[in-house]
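**Q** Structure below; questions to follow.
2 protein chains.
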Amino acid sequence: MSFTLLKTDSKTKARRGRLVTPHGTIETPIFMPVGTQGMVKTLHPEEVELLGAQIILGNTYHLNLRPGLDVIEKFGGLHGFSTWDKPILTDSGGFQVWSLAKLRKITEEGVRFSNHIDGAKMMFTPEFSMQIQSVLGSDIAMLFDECPPYPCDEKYATESLELTTRWAQRCKDWVVANEPKSGNGKQMHFGIVQGSIYADLRERSAKELVAMDFDGYAIGGVSVGEPEHEMFRAIENATPHLPADKPRYAMGLGTPPQLLEMIGQGVDMFDCVLPTRVARHGLAYTLDGPIHIKNKQFEFDERPLCETSHPHVARFSRSFIRHLFRSKELLSARLLSFHNLHFFLGLMADARAAIEADRFTEFKDAFNARYHAKS
Amino acid sequence: MSFTLLKTDSKTKARRGRLVTPHGTIETPIFMPVGTQGMVKTLHPEEVELLGAQIILGNTYHLNLRPGLDVIEKFGGLHGFSTWDKPILTDSGGFQVWSLAKLRKITEEGVRFSNHIDGAKMMFTPEFSMQIQSVLGSDIAMLFDECPPYPCDEKYATESLELTTRWAQRCKDWVVANEPKSGNGKQMHFGIVQGSIYADLRERSAKELVAMDFDGYAIGGVSVGEPEHEMFRAIENATPHLPADKPRYAMGLGTPPQLLEMIGQGVDMFDCVLPTRVARHGLAYTLDGPIHIKNKQFEFDERPLCETSHPHVARFSRSFIRHLFRSKELLSARLLSFHNLHFFLGLMADARAAIEADRFTEFKDAFNARYHAKS
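Heads up: the sequence lines are chains A and B, in that order.
Straight run, no breaks: the first sequence in the UniProt record's numbering ends on number 375.
Straight run, no breaks: the second sequence in the UniProt record's numbering ends on number 375.
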C-alpha cells in the first residue's frame, strides 16, 4: 500500500500518481464510479471492467441497512458479495446520514437518526463506521466526519471541524485497536478535511488531520449547494496544507470542466453520482457538451452519441437510443450510464496523458473551448 | 428461404427442423425472445447473441406507434435501426390491437381503435399490417388476423375465422402486388390458424390457409385466458392439418412444461414475454421449478440461481441478486431476464438434442419429474 507521485505539471499543480491497494493499482488522477448498493447502477461488473474503471465506491450507510453486515460478512466482504475484485473505496456513511436520514441529532458520541427505508432509529459513531467498513473490507475506508451545511457561520463551522478532528482520532484509535482482530490489516484510511468556506478553518483541519498521519486526505463539505467558486476555493484552501506524497480526494464532484479545474489544483481522486444519475434522465456527455437524448432533434440522428463513444454504445444511433428512452426501456439507462462513465474515465485518461506530456493546461483549455462552444 | 424437416421423433410428433431466413438459419424447435420495442427488454444485443438466441420478435403495433415508420425506414428497417443482425419475426399487430388498444371496432375493412399511448384514432387493415412489416423488413411477417376472445361461442368463432381467412387472402394479394416495389422480396409470410376451442373450426382454418400456400403456419387465439387443456387441444386440433414440410408456430406460449408438451405435438417455434416479464418481478426458472428471488430463504444463499446458469449470471449468488432486487437495482432485472432466457433457450437446445437422439419422451419426463418434484 503506497502512493507514488510520478510527475507534477510544470504550469499547474496537476499531479500524475500511482496508488497501490490490496486489490490493484490505481493510476491517478482517477474518477471512481459510484456503486451505492455494491455495483454501479444499471451496469454489470463485466461492463465496469470493460470501461476500465480502476476502483468503484460503495456506500457504507446503504450497505449496512441492506443487505446488512451479517450477509456481507458471510461472503467475506463486499468484494466477495458483489464479485467485483478490483479496488473499492467506502465512504463513512456520514454524508448519507446528513442527506438521507431523518430526525438527525448530532452529539459528541455520534449521530442518531431514523433511516430512510423503514424509519428505524439508528446511531452511527466513528467506531461503528470503521467497524462497518472493516467488515465491508474496502481497500480505502473514509473516516467518519460531520459535514456542515452551506451556508454555515464560522462558529458552527469551527465547532463542527473540531468535532470532526476528535472523531478522526477515535477512528484511528479503533483501527489501531481492532486491525489485527478484524483480519483486515490492509485497509487504507483517508481523513476528511472540513472547514466550510473559511480558509483558516480548512488550513487548521488539514493540519490537524495530517498530524495524525493518514494514508490519504479528502476534501469534504463540498457539493453541498455552494456556488462553484466556493467549491474551488475550498480545494485551493486545503491542498497547500496536504502532504505531496499522499493522495488527495475531492468528494462527490463534479462536472467534466470542474474535474479538470480541480486536477489543475492538485486533486488526484474524484467520485460522483452525476454521470450515472443524469444518464437515467436521458443526459449524455459529449465533447460538445451535454445533450438531452429525448429531444426531438435526435429523432432521425444516425450518429453515435459522441465520436469517442465506446463500441458497446457507438453501434447505436442517437435515434435508436432516443426511441429506447421514450419507450421507457431500461436498456437506454444502461447505454447512457455506460457512455457517460466512458466519457468521464476517458477524460481522466486524457488528463493523465497530458500531465505526463507536460501539456495539461493546453489539454484543459482545448477541452473547455469545445465543450462550451455550443452553449 | 426454406424449411427442412431433419427428423421426427419415433414416439411423439416432435420434430427437429431447420429454417433458413435472409438473416440466418434457425434450428427448431426454437424459442424466440420478445423484443417489443426493437430489443429484448433490459438486454443489450450483445447479450442476446451471447444467449445464443437465433431469432427475436418485434411488435408491429408498438414500432408503428413509436418511433414510427419514417424513422425505421431511414435506417433501412428494424435490423438497421436496432443493430440486431440476426433473424427477426414481426407479429401482425392484431393481438396488440386486441389486448392494448381502446374503443376497438372490427369491420370487414379492418380494425379501428384508439392507441394506448395518446388515444389517437387509428386503423389497422390487412394491407397496412403487411406494409408496416415490409418496412420493418422482418425475416418472417405474420398475416393480420382477428383473435377471438375466450370464451367465445361457435357462431362468433366461425364468423371470426371466416374474416381471418378473407384477411389472409388480402394479405397475400398485397404481398404479391407490392413485393417487388417494397424491395423486400425475401420476407417469409406465416398464416395464423384460428377457430377457438372448436376442432372442426381449427381444421377448417388450417385447410383454408394451407390452400393459399404460405411459408409457415401459426396457431393463434391461444394464451387468451383459456384453461391449459384447451390450449393443448387447440394445438392438437390444428397440427394434423398443417403440412409436414412447413414450420409451425404456437403464438405467445408458454411455461417450460407447456413448451415441451407442444414440441411433442409437433410445434417448431414459440415466443412468449413470460421469461422476461416474470424476471422483472423477481422470478427465476430453475431445474427444480421457479423461485422468487426476493424470498427471505435466499438471504444468505451462496449458490447461483441454477446449476445450469450461464457464467454471466452464475458468478452472482442468490443472496446478491436478492439484494439487488430488494434495492430496486435495474441490474437485478437484467440478470433475471438473461437467466430466464438462457433457461428457455437451453431447454430448446436440450429438446433438439433429445429429438436427434430419439429420446424426447425420456427427456421430457425427466425434466418434468424434477421440475414438479418440489411443488
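We put the CB at the ideal spot given by N, CA and C, even for glycine.
Is VAL222/B near GLY252/B, with beta carbons less than 8 Å apart?
**A** By 1-based counting over the second sequence, the position of residue 222/B is 222. By 1-based counting over the second sequence, the position of residue 252/B is 252. Yes, Cβ-Cβ distance for VAL222/B and GLY252/B is below 8 Å.
**Q** Would you list the residues sitting across from GLY191/B in a DSSP beta bridge?
**A** As a working note, residue 191/B is residue 191 in the second sequence. Under DSSP, the beta-bridge partners assigned to GLY191/B are TYR217/B.
**Q** Listing by chain order, which chain B residues have their CB less than 8 Å from the CB of VAL71/A?
**A** Here residue 71/A refers to the residue found at position 71 when the first sequence is read from its first residue. Simply GLU299, PHE300, SER319, HIS323.
**Q** What are the uninterrupted segments assigned as alpha helix (DSSP H) that are 4 or more residues long and contained completely in the segment 45 to 124 of chain B, given in chain order?
**A** 45 to 50, 60 to 65, 69 to 74, 78 to 82, 94 to 99
**Q** Is it a yes or a no for the segment 318 to 330 of chain A touching the segment 58 to 75 of chain B, going by three-plus beta-carbon pairs under 8 Å?
**A** Cβ pair count under 8 Å is three or more, so yes.
**Q** With a threshold of 16 other CB atoms inside 10 Å of the CB of ASN295/A, please say whether the residue is buried or exposed.
**A** Here residue 295/A corresponds to residue number 295 of the first sequence, with the count starting at 1. By the 10 Å Cβ count, ASN295/A comes out exposed.
**Q** From this set, SER129/B, GLY52/B, ILE26/B, which residue's C-alpha is nearest PHE343/B's C-alpha?
**A** Looking up residue 343/B in the second sequence gives position 343. Answer by Cα proximity: GLY52/B.
**Q** Taking 8 Å as the threshold, find out whether the segment 287 to 301 of chain B comes into contact with the segment 44 to 63 of chain B through three or more Cβ pairs.
**A** As far as the Cβ criterion goes, the segment 287 to 301 of chain B does not touch the segment 44 to 63 of chain B, which means the pair count is below three.
**Q** Counting Cβ pairs closer than 8 Å, one from the segment 135 to 148 of chain B and one from the segment 89 to 100 of chain B, do we hit at least three?
**A** yes
**Q** Answer with yes or no whether the minimum CB distance from LYS74/B to chain A is below 8 Å.
**A** The count along the second sequence starts at 1 and reaches residue 74/B at position 74. Output row for LYS74/B: interface = yes.
**Q** When the Cα atoms are used, what is the spatial distance from LEU287/B to CYS306/B?
**A** Taking the first residue of the second sequence as 1, we reach residue 287/B at position 287. Taking the first residue of the second sequence as 1, we reach residue 306/B at position 306. Roughly 7 Å between the two C-alpha positions.
**Q** I'd like to check one pair, LYS121/A with ARG112/A: are the Cβ atoms closer than 8 Å?
**A** Along the first sequence, read from residue 1 onward, the residue named residue 112/A stands at position 112. Along the first sequence, read from residue 1 onward, the residue named residue 121/A stands at position 121. Going by C-beta atoms, ARG112/A is nearer than 8 Å to LYS121/A.
**Q** Would DSSP call ARG269/B helix, strand or coil?
**A** Counting from 1 along the second sequence, the entry for residue 269/B is found at position 269. It is worth fixing the name first, because residue 269/B is Met in this sequence and not Arg. MET269/B falls in the strand class under three-state DSSP.
**Q** So, does the segment 16 to 28 of chain A touch the segment 42 to 52 of chain A, judging by three or more C-beta pairs under 8 Å?
**A** no
**Q** Would you kindly work out how many angstroms separate the C-alpha atoms of ALA353/A and SER327/B, rounded to a whole number?
**A** To locate residue 353/A, count along the first sequence from 1; it is residue 353. To locate residue 327/B, count along the second sequence from 1; it is residue 327. Rounded to the nearest angstrom, the two C-alpha atoms are 38 Å apart.
**Q** For GLU27/B, does the three-state DSSP call read helix, strand or coil?
**A** Counted from its first residue, the second sequence places residue 27/B at position 27. GLU27/B falls in the strand class under three-state DSSP.
**Q** Am I right that VAL193/A and LEU209/A are in contact with their C-beta atoms under 8 Å? What's the rounded C-beta distance?
**A** On the first sequence, residue 193/A is found 193 positions in, with the first residue counted as 1. On the first sequence, residue 209/A is found 209 positions in, with the first residue counted as 1. With a Cβ gap of about 6 Å, VAL193/A and LEU209/A count as contacting.
**Q** For a quick check, are the C-beta atoms of GLU226/A and ILE263/A less than 8 Å apart?
**A** Against the first sequence, residue 226/A aligns to sequence position 226. Against the first sequence, residue 263/A aligns to sequence position 263. Not closer than 8 Å, so no.
**Q** Where does VAL20/A sit, in a helix, a strand or coil, going by DSSP?
**A** Here residue 20/A refers to the residue found at position 20 of the first sequence. Of the three classes helix, strand and coil, the one that applies to VAL20/A here is strand, per DSSP.
**Q** Which residue comes first and which comes last in the alpha helix (DSSP H) that contains ALA14/A?
**A** To locate residue 14/A, count along the first sequence from 1; it is residue 14. Element bounds for ALA14/A: n/a, residue is neither H nor E.
**Q** Using a Cβ-Cβ cut-off of 8 Å, state whether PHE81/B counts as contacting chain A.
**A** Here residue 81/B refers to the residue found at position 81 when the second sequence is read from its first residue. Chain A contact via Cβ: present.
**Q** Indicate whether at least one CB of chain A lies closer than 8 Å to the CB of GLY137/B.
**A** Along the second sequence, one-based indexing puts residue 137/B at 137. No, no contact with chain A.
**Q** Determine, for HIS281/B, whether the minimum Cβ-Cβ distance to residues of chain E falls below 8 Å.
**A** No chain E appears in the structure shown, which is made up of the protein chains A and B.
**Q** With 16 other CB atoms within 10 Å as the buried threshold, where does VAL176/B fall?
**A** Within the second sequence, numbered from 1, the residue matching residue 176/B stands at position 176. So VAL176/B counts as exposed.
**Q** Locate the beta strand (DSSP E) running through ILE140/A, then write down its first and last residues.
**A** Taking the first residue of the first sequence as position 1, residue 140/A is located at position 140. Start and end: 140 to 142.
**Q** For MET32/B, which of helix, strand or coil comes out of DSSP?
**A** In the second sequence, the residue the question calls residue 32/B occupies position 32. Correct three-state label for MET32/B: strand.
**Q** Skipping 5 residues on each side, what residues in its chain have a beta carbon closer than 6 Å to that of HIS23/A?
**A** For the purposes of this step, residue 23/A is identified with residue 23 of the first sequence, where counting begins at 1. Within the same chain, HIS23/A has close Cβ partners LYS86, PRO87, ASP139.
**Q** Thinking GLY282/A and LEU336/A are a contact (beta carbons under 8 Å), I'd like their distance in whole angstroms, please.
**A** Counting from 1 along the first sequence, the entry for residue 282/A is found at position 282. Counting from 1 along the first sequence, the entry for residue 336/A is found at position 336. Yes, they are in contact, since the Cβ atoms of GLY282/A and LEU336/A sit about 7 Å apart, within 8 Å.
**Q** Between which residues of its own chain and HIS241/B is the CB-CB distance below 6 Å, once the five residues before and five after are set aside?
**A** For the purposes of this step, residue 241/B is identified with residue 241 of the second sequence, where counting begins at 1. So the qualifying residues of the chain are GLU203, ALA206, LYS207.
**Q** State the Cα-Cα distance for the pair GLY266/B and LEU260/B, rounded to the nearest angstrom.
**A** For this step, residue 266/B is matched to residue 266 along the second sequence. For this step, residue 260/B is matched to residue 260 along the second sequence. If I take the Cα positions, the gap works out to 10 Å.
**Q** Which residues mark the beginning and the end of the alpha helix (DSSP H) in which ARG315/A is found?
**A** The residue you call residue 315/A lines up with position 315 of the first sequence. From DSSP, ARG315/A is part of no alpha helix (DSSP H); its letter is neither H nor E.
**Q** Would THR25/A pass as an interface residue toward chain B - the criterion being a Cβ-Cβ separation below 8 Å?
**A** On the first sequence, residue 25/A is found 25 positions in, with the first residue counted as 1. Cβ-Cβ to chain B under 8 Å: no for THR25/A.
**Q** So which residues on chain B does LYS41/A lean against when the C-beta distance must stay under 8 Å?
**A** The residue you call residue 41/A lines up with position 41 of the first sequence. Neighbours of LYS41/A on chain B, chain order: GLU329, LEU330, LEU331.
**Q** So ARG248/B is in the alpha helix (DSSP H); what residue range does that whole segment cover?
**A** Position 248 of the second sequence, counting from 1, holds the residue named residue 248/B. Segment 248 to 250 is the beta strand (DSSP E) holding ARG248/B; no alpha helix (DSSP H) there.
**Q** Hey, out of GLN187/B, ARG166/B, ASP245/B, ASN115/B, whose CA is closest to ARG15/B's CA?
**A** By one-based count along the second sequence, residue 15/B stands at place 15. Taking only the C-alpha atoms, the option nearest ARG15/B is ASP245/B.
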